[in-house]
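Encoded as structure tokens, the structure appears first; notes follow it.
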Amino acid sequence: MTILLAIETSCDETSAAVVQDGCLVLSNVVQSQIELHRQYGGVFPEMASRQHMVAITPVIREAMERAGVGWGEIDAIAVVHGPGLAGSLLVGVNVAKTLALTQNKPLVGVNHIEAHIYANWLDAREDRRTPFTPPAFPLVCLIVSGGHTELVLMTEHHTYTRLGGTVDDAAGEAFDKVARLLNLGYPGGPAIERAAVGGDPKAFELPRAQHIGPYDFSFSGLKTAVLRLVQDLRRAQGQVVDERGIRLAEASLSAEESAALPIADIAASFQAAVVETLIEKSVAAIEAYGAVEFLLAGGVAANKALRQAVSERIRVPVRYPPIRYCTDNAAMVGAAGYYRYIAGLRSGLDLDVVPSLALV
Ligand code: KG4
Ligand code: ZN
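Residue numbers (the working numbering): 58 to 417.
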């Protein structure tokens, strides 16, 4: 039996988890900073790192207490060292290094994107009477979060080929920006998903990106198309639309302006356009590379329209983590860290943060 303490502070969640054998979550404590950043409509980096400083020690203590383990039972400490916000990553990495040194434990640096993928190795079933079957290789994984949109082929543990990714905004970022435009709140993904309930996903025809690689994504044209649609609808209502609309960030509607628009239809059409692109490219990659499984990962994998489309349209077995392991959390770091640990991979106490760390 191998037990890891895992730490995640790459963005705006302070999280610590205790994970057994890379699959059994003994505890997973997540302290979200969403309320803190809501007033800025996005993550404010300096506030994020300061909040991690305040939260990290109680969060780790709580994770150990809930798991009912002491230092003697911890075999190694896993920590995300990139990609992410430098000041946020520093807090988790420094705490992990200090604990590794003082408790004399091996340290395992984990890539945040790899951790999202390994959320699919966590056994989240309520009924564990039958053994858990981990994902089979070769597999294709779509990682869709606020910072990343990557389509990856995985042929073995730690063996990745990046098939493609976004050429501009990440999928979650597009959700966040469109939600801000429509005055739906932060974070944008869940807000758009709620707003889209009852909306007609075919109400508005929105463009799909062209002239990009077969497994690449682009969401900036779609985002601009939503802005143009909003302006056209407002003009049709006899509103005077000023030229704030040149840049999306400056074009946010007021609550009254938003309420006057068919928001459910706009949100549903936007969501459908994102989902359609993600599915199309994933299906092509699965076929081209003979994948035997398809995994979804990252915050946007929480989206129910995406989950439903994946279940309907993808012919190989599909997995996605439960929502609590889709958005940032340390349990997924415990899973990824375990497979690094048993492969003999260790980090030194000179482990540094790498804000733009790539998966491959
Ligand atoms: O993985 P994550 O928690 O953090 C990053 O590593 O980025 O992902 C956060 C992103 C945000 O952009 C958020 O709007 C999006 O995931 N998200 C969703 C949903 N829940 C979270 N997007 C669409 N639908 C959702 N239900
Ligand atoms: Zn993430």
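The beta-carbon is built from N, C-alpha and C at its ideal position, and this holds for glycine as well. Nothing here was measured: the structure is a model prediction, and the numbers come from that model.
Distance between Ser339 and Thr159, taken at the CA atoms: about 45 Å.
The beta-carbon distance between Leu146 and Thr66, rounded to whole angstroms, is 6 Å. This is short enough to meet the 8 Å contact definition.
Between Ala388 and His94, the alpha-carbon positions lie close to 23 Å from each other.
Non-local beta-carbon contacts of Leu363 in its own chain, meaning distances under 6 Å to residues more than five positions away in sequence, involve Val332 in chain order. Secondary structure at Thr212: strand, using DSSP grouped into helix, strand and coil. Secondary structure at Leu279: helix, using DSSP grouped into helix, strand and coil. For Cys198, the enclosing beta strand (DSSP E) has its first and last residue at 196-201. Taking each of Leu318, Gln365, Thr206, Ala143 in turn and checking the Cα distance to Ala329, the smallest one comes out for Gln365. Ala157 places its beta carbon 8 Å or farther from that of Leu61. Looking at the backbone, the Cα of Gln96 and that of Gly270 are separated by about 37 Å.
Close CB contacts of Ala393 within its chain, under the 6 Å cut and outside five residues either way in sequence, are with Val167, Glu171, Ala172, Tyr175 (chain order).
Within 7 Å of the C-beta of Pro244 there is at least one heavy atom belonging to the ligand KG4. Bridge pairing for Ile64: Ala73, Val136 [DSSP]. Exclusion of the five residues before and after Val152 leaves Ile113 as the residues of its chain whose Cβ lies within less than 6 Å of its Cβ. Separation of the CB atoms of Ala248 and Leu284 is rounded to 17 Å, and the pair is thereby denied contact status at 8 Å. Linking Glu337 to Ala252 through their CA atoms gives a straight-line distance of about 24 Å. By the Cβ test, the region 214-223 is not in contact with the region 371-387, since fewer than three Cβ pairs between them sit closer than 8 Å.
In the three-state DSSP reduction, Phe327 falls in the helix class (H, G or I).
In this structure, the straight-line span from the alpha carbon of Ala105 to that of Ala124 is close to 26 Å.
As a beta-bridge residue in DSSP terms, Glu350 pairs with Leu196. With contacts defined by Cβ atoms closer than 8 Å, Ser404 and Leu164 form a contacting pair.
Contact between Gly99 and Tyr272 does not hold, since their C-beta atoms are separated by about 28 Å, which reaches or exceeds 8 Å. Residue environment: Met58 is assigned as exposed (fewer than 16 neighbouring CB atoms within 10 Å of its CB, all protein chains considered). Relative to the ligand KG4, even the nearest heavy atom lies 7 Å or more away from the CB of Gly79.
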